[in-house]
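Colleague: Would you mind keeping the following structure in view while I ask a few things?
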Amino acid sequence: MSIDRISMLPAALLLLLNAALSAAQTRTSLAVDSVLPTHAPNPPFFTIPTATQLAISVALCSGTVDTPTPRFFVTNTSSTASPGPDGGTDVFEIVLDQGLGSWTGPFPSGGVLGVSDAAQMPFEIGVSSEYPIHSSDDASALLGDTTATEALLFSPPFEQPEIIIPAYPNYTLPAAIPSIPQPPSDPKNYTLIVSPTSNGLTSMQQTSCALSTQKSTGIVANQSLWLRDDLGWRTEWTMTGLTPQTNYTAYVILDAYKVTTPIFFTTKSSSFSCSLVSRLPYCPSISYAVPLSPPPSPAITYDSTNLPASIGDPIVAILTNFTTMLTTFACGRDFYSPLVTCADCQEAYRTWLCAVSFSRCADPATAPPNAALLQSQSPNARNKAFPSGNNFTQLLPCLETCTATDRACPNFLGFRCPLPRFNAAQSYGVGYVDSGADGVMGGGHPGMWADDFGNVWCNSGL
Ligand SMILES: *[C@@H]1O[C@H](CO)[C@@H](O)[C@H](O)[C@H]1NC(C)=O
Ligand SMILES: *[C@@H]1O[C@H](CO)[C@@H](O)[C@H](O)[C@H]1NC(C)=O
Ligand SMILES: *[C@@H]1O[C@H](CO)[C@@H](O)[C@H](O)[C@H]1NC(C)=O
Ligand SMILES: *[C@@H]1O[C@H](CO)[C@@H](O)[C@H](O)[C@H]1NC(C)=O
Ligand SMILES: *[C@@H]1O[C@H](CO)[C@@H](O)[C@H](O)[C@H]1NC(C)=O
Ligand SMILES: *[C@@H]1O[C@H](CO)[C@@H](O)[C@H](O)[C@H]1NC(C)=O
Ligand SMILES: *[C@@H]1O[C@H](CO)[C@@H](O)[C@H](O)[C@H]1NC(C)=O
């Protein structure tokens, strides 16, 4: 239609035509495999490209879980429809949960995403040819331990290492210092967000764009990969710059848009004088505060490079000796139990030995009521290899760490645990995981050794 023909149309019709043209022109097109941070446009529609299958995800970037939220409607009938609350053929609402929602389906002739009641709410739209870009994840971070101003935190595990089960006749157990496989070259990209619990992150929309508006507290002093257990590699963060005796909330975000379940932890009081240790190949799961004065600067925590050899060497020697004694049994040819093997025995013994060799410090001011605390211990009371120093409060090992070893190992090794009805409670936390009655598994109070609120009742060594 030429310009002079249009100019001859009645004025009202011309206005209508202009509006229709501009509506079509101003519809923002969404691109596949990308995220668009935006507000509701006018008119409130986005066009979706043609594709066999697309996952459309929406994340709200402000407000709390109680604020009235916009509604999102998607249609896969055409790229010119105007989907909204009135419904219609193939109009689907993307229902939001804690600020997050998605819809996956075919778009043979493209589609449209419509927004209603958005006001000025900022949000993100993700379009993917595979899985929704925005999602939530049941995994959560793992707390190692805290001091007054520091914390050790781990991401959920990823990339499980190949576990070699030894077999007869070449039944070879891991050495006392096991060889650690190469860390994954393309690790999962986790980002840590730590914020004082008083900032109320858990009542905000549980989306990465909303949570990221709260600047993360503290300083990530170090970030590295660590194979803490058989579950897989984890990103380990060493945080500094935290405030003593403060409750914190921690989230990890995967690939910038996937939000995991929060965990909580409390820093110790300012008089707490123990130091964090982790990254010991012979005790891979140990990552907590031990009665040592701070490591020589610039290190913040102890690891295998700066832990005094007088502490590490005896542990390695005992593990070596134990492994030698264990393999005098014809492991893999003969069986001492239908349930467990020499490899299980060695692993359980390692966990136990590490938990009892590294006394775990506790802070009476922030420990949960009824934790297995032993007040005023000298640092070398349990392990002569530790230098003496300020007395500390110990969090006793869980009795179950001992009984697990007893159950996993052959009798001839003579490994025994104290019995609850005699003196076990003097050296172990009794009744937390198991009930505390001799031989009863489970039923203890609180039935676990730690929870996601940073409460730790006894030292499991895990
Ligand atoms: C739109 O998606 C729905 C649900 O997946 C499907 O049943 C319907 O056939 C699709 N419509 C078109 C036009 O492809
Ligand atoms: C026995 O197993 C170990 C570890 O799996 C391996 O390194 C070694 O080469 C094996 N020895 C023989 C003789 O197969
Ligand atoms: C931390 O949270 C716990 C449990 O929610 C509460 O009892 C405690 O008073 C809080 N501590 C501080 C320092 O806010
Ligand atoms: C990891 O994600 C962050 C955003 O959360 C991004 O800035 C960074 O570039 C990503 N790193 C890699 C290696 O992909
Ligand atoms: C950070 O961790 C790496 C890997 O363990 C270590 O080599 C480095 O010394 C650490 N840096 C600090 C400042 O602790
Ligand atoms: C290793 O075992 C032998 C024999 O039981 C014992 O004499 C030796 O003291 C042990 N060494 C260590 C470091 O435990
Ligand atoms: C430290 O604890 C020991 C018992 O483990 C006790 O004999 C000693 O008096 C304590 N020292 C101080 C300074 O409290």
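In mature numbering (1 follows the signal peptide of the UniProt record, and there is no 0), the protein residues as written are -24 to -1, 1 to 438.
Note that CB positions come from ideal geometry on N, CA and C, so glycine has one too.
Going by beta carbon distance, what residues of the same chain come within less than 8 Å of residue 405, once the five residues before and after it are set aside?
Modeller: Position 429 of the sequence shown, counted from the start, is the residue given in the question as residue 405. So the qualifying residues of the chain are 347, 348, 371, 372, 373, 374, 375, 425, 433, 434 and 435.
Colleague: Looking at the structure shown, is residue 435 part of a helix, part of a strand, or coil, going by DSSP?
Modeller: As a first step, residue 435 must be located in the sequence shown, where it is residue number 459. DSSP places residue 435 in strand when its eight states are reduced to three.
Colleague: Is any heavy atom in ligand 4 found nearer than 7 Å to the beta carbon of residue 361?
Modeller: Translated into positions along the sequence shown, residue 361 becomes position 385. Checking the Cβ of residue 361 against ligand 4 gives no.
Colleague: Between the C-alpha atoms of residue 218 and residue 332, what's the straight-line distance to the nearest angstrom?
Modeller: Here residue 218 is taken as the residue at index 242 of the sequence shown, counted from 1. Here residue 332 is taken as the residue at index 356 of the sequence shown, counted from 1. Residue 218 and residue 332: Cα-Cα distance of roughly 29 Å.
Colleague: What is the rounded straight-line gap between the Cα of residue 420 and the Cα of residue 49?
Modeller: Here residue 420 refers to the residue found at position 444 when the sequence shown is read from its first residue. Here residue 49 refers to the residue found at position 73 when the sequence shown is read from its first residue. Going from the Cα of residue 420 to the Cα of residue 49 covers about 50 Å.
Colleague: May I ask you to report which of helix, strand or coil DSSP gives residue 426?
Modeller: Within the sequence shown, residue 426 is the residue found at index 450, counting from 1. Looking at residue 426 - three-state DSSP - the assignment turns out to be strand.
Colleague: Is residue 29 closer than 8 Å to residue 81 when the C-beta atoms are compared?
Modeller: For the purposes of this step, residue 81 is identified with residue 105 of the sequence shown, where counting begins at 1. For the purposes of this step, residue 29 is identified with residue 53 of the sequence shown, where counting begins at 1. In this structure, residue 29 lies closer than 8 Å to residue 81 by Cβ.
Colleague: Please report the distance separating the alpha-carbon of residue 124 from that of residue 133.
Modeller: In the sequence shown, counting from the first residue as 1, residue 124 sits at position 148. In the sequence shown, counting from the first residue as 1, residue 133 sits at position 157. So the two alpha carbons sit approximately 27 Å from each other.
Colleague: Contact check, residue 41 vs residue 75 under 8 Å by CB: the rounded distance?
Modeller: Here residue 41 is taken as the residue at index 65 of the sequence shown, counted from 1. Here residue 75 is taken as the residue at index 99 of the sequence shown, counted from 1. The pair is a contact, with the Cβ atoms about 7 Å apart (cut-off 8 Å).
Colleague: Pairing CB atoms from the region 350 to 358 with CB atoms from the region 289 to 308, are three or more of them under 8 Å?
Modeller: No, the region 350 to 358 does not touch the region 289 to 308.
Colleague: Under 7 Å: does the beta carbon of residue 81 sit that close to some heavy atom of ligand 1?
Modeller: Within the sequence shown, numbered from 1, the residue matching residue 81 stands at position 105. The answer is yes for residue 81.
Colleague: Tell whether a beta-carbon distance below 8 Å holds between residue 319 and residue 141.
Modeller: As a working note, residue 319 is residue 343 in the sequence shown. As a working note, residue 141 is residue 165 in the sequence shown. Contact flag set, yes.
Colleague: Would you kindly report the start and end of the unbroken beta strand (DSSP E) that includes residue 402?
Modeller: On the sequence shown, position 426 is the one that residue 402 refers to. It is not in any beta strand (DSSP E) - residue 402 instead sits in the alpha helix (DSSP H) that spans 400 to 403.
Colleague: Mapping DSSP to helix, strand and coil, what is residue 322?
Modeller: What you label residue 322 is simply residue 346 of the sequence shown in a count that begins at 1. Helix.
Colleague: Starting from residue 101 and walking both ways along the beta strand (DSSP E), at which residues does that stretch end?
Modeller: Stepping through the sequence shown from its first residue, residue 101 is reached at position 125. Its beta strand (DSSP E) spans residues 99 to 104.
Colleague: Could you compute how far the alpha carbon of residue 276 sits from the alpha carbon of residue 263?
Modeller: Residue 276 sits at position 300 when you count from the first residue of the sequence shown. Residue 263 sits at position 287 when you count from the first residue of the sequence shown. Going from the Cα of residue 276 to the Cα of residue 263 covers about 13 Å.
Colleague: Helix, strand or coil for residue 417 per DSSP?
Modeller: Counting from 1 along the sequence shown, the entry for residue 417 is found at position 441. In the structure shown, residue 417 sits in coil (DSSP, three-state: anything other than H, G, I, E or B).
Colleague: Starting from residue 116, trace the beta strand (DSSP E) in both directions and tell me its first and last residue.
Modeller: As a first step, residue 116 is located in the sequence shown; it is residue number 140 there, counting from the start. Residue 116 -> beta strand (DSSP E) spans 111 to 116.
Colleague: Within 10 angstroms of its Cβ, does residue 360 collect 16 or more other Cβ (buried), or is it exposed?
Modeller: Numbered from 1 along the sequence shown, position 384 holds the residue referred to as residue 360. So residue 360 ends up on the exposed side.
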